[in-house]
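Down below is the structure, laid out as structure tokens.
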Amino acid sequence: MKFKYLSILLAVLFVCGINFAQTYEKTDSGVKSIINSIEVEIQFYTSSIVRVLKSQEGTDIKKNSLSVNKAPQKIAFTIRETGDILYLKSESLQVSLNLKSGKISYSTPKGEPLLSEKEEGTSFTDFND
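All residue numbers in the sequence shown are consecutive under the numbering used here, ending with 215.
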């Protein structure tokens, strides 16, 4: 009887672990993730140019920009997850995404900081476009 309950408990824990094991999706040009109801997409345009798109979860936005006239390219980059931080590294740039807060930081491939967002810095306000 104890074995039956233990088996059920382990099965439930295993299923819960699968649901929380990976909180991002790899794409051809970067990664996508949903953090605190905000969809975050990081796209490498070149090894030294990165575009970040953030939108409310469930909002299907095709972002057309007059200032961005390049398309994402398929370049070599690595992904490493350490704790709550996801690191994307190309030959020229390293981008880190905090999977809990959504904070994005940029650094050199050696880890020297270049630019960092504020913690909890993303918010959306409704407006007529």
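Heads up, the beta-carbon is just placed ideally off N, CA and C, and yes, glycines get one too. Note that the structure is predicted; figures quoted are calculated from it, not measured.
Please report how far the alpha carbon of F210 lies from the alpha carbon of I94, in whole angstroms.
Stepping through the sequence shown from its first residue, residue 210 is reached at position 124. Stepping through the sequence shown from its first residue, residue 94 is reached at position 8. Cα to Cα, the separation comes out at about 42 Å.
Hey, quick one: how far does the beta strand (DSSP E) through K175 stretch, first residue to last?
Within the sequence shown, the letter at position 89 stands for residue 175. Here the beta strand (DSSP E) through K175 covers I171 to K175.
Under the three-state reduction of DSSP, which class applies to I94: helix, strand or coil?
The count along the sequence shown starts at 1 and reaches residue 94 at position 8. Helix at I94.
Runs of beta strand (DSSP E) lying entirely within the region 109–176, each at least 3 residues, in chain order:
Residue ranges of uninterrupted beta strand (DSSP E) with 3 or more members, entirely inside the region 109–176 and ordered along the chain, are 110–112, 116–121, 124–130, 136–142, 164–168 and 171–175.
Give me the Cβ distance between V117 and I165, rounded to the nearest whole Å; I'm assuming they're in contact under 8 Å.
For the purposes of this step, residue 117 is taken as the residue at position 31 of the sequence shown. For the purposes of this step, residue 165 is taken as the residue at position 79 of the sequence shown. Yes, V117 and I165 are in contact; Cβ-Cβ is about 7 Å, under 8 Å.
For S191, the three-state DSSP class (helix, strand or coil):
To locate residue 191, count along the sequence shown from 1; it is residue 105. In this structure, S191 counts as strand in the three-state DSSP scheme.
Could you tell me the alpha carbon to alpha carbon distance between T113 and K160, rounded to whole angstroms?
Counted from its first residue, the sequence shown places residue 113 at position 27. Counted from its first residue, the sequence shown places residue 160 at position 74. Going from the Cα of T113 to the Cα of K160 covers about 10 Å.
Status (buried if at least 16 other CB within 10 Å, exposed otherwise) for G188:
As a first step, residue 188 is located in the sequence shown; it is residue number 102 there, counting from the start. Label assigned to G188: buried.
Through-space distance from T168 to Y110, alpha-carbon basis:
On the sequence shown, residue 110 is found 24 positions in, with the first residue counted as 1. On the sequence shown, residue 168 is found 82 positions in, with the first residue counted as 1. For Y110 and T168, the distance between alpha carbons rounds to 13 Å.
Cβ-Cβ distance between E143 and I124 below 8 Å
Position 57 of the sequence shown, counted from the start, is the residue given in the question as residue 143. Position 38 of the sequence shown, counted from the start, is the residue given in the question as residue 124. Yes, the pair counts as a contact, with Cβ atoms nearer than the cut-off.
Which stretch, first to last residue, makes up the beta strand (DSSP E) that contains N214?
In the sequence shown, residue 214 corresponds to position 128, counting from 1. Per DSSP, N214 belongs to no beta strand (DSSP E) and is neither H nor E.
L174 to F213, Cα distance in whole Å?
As a position in the sequence shown, residue 174 is number 88, starting the count at 1. As a position in the sequence shown, residue 213 is number 127, starting the count at 1. Their Cα atoms are separated by approximately 33 Å.
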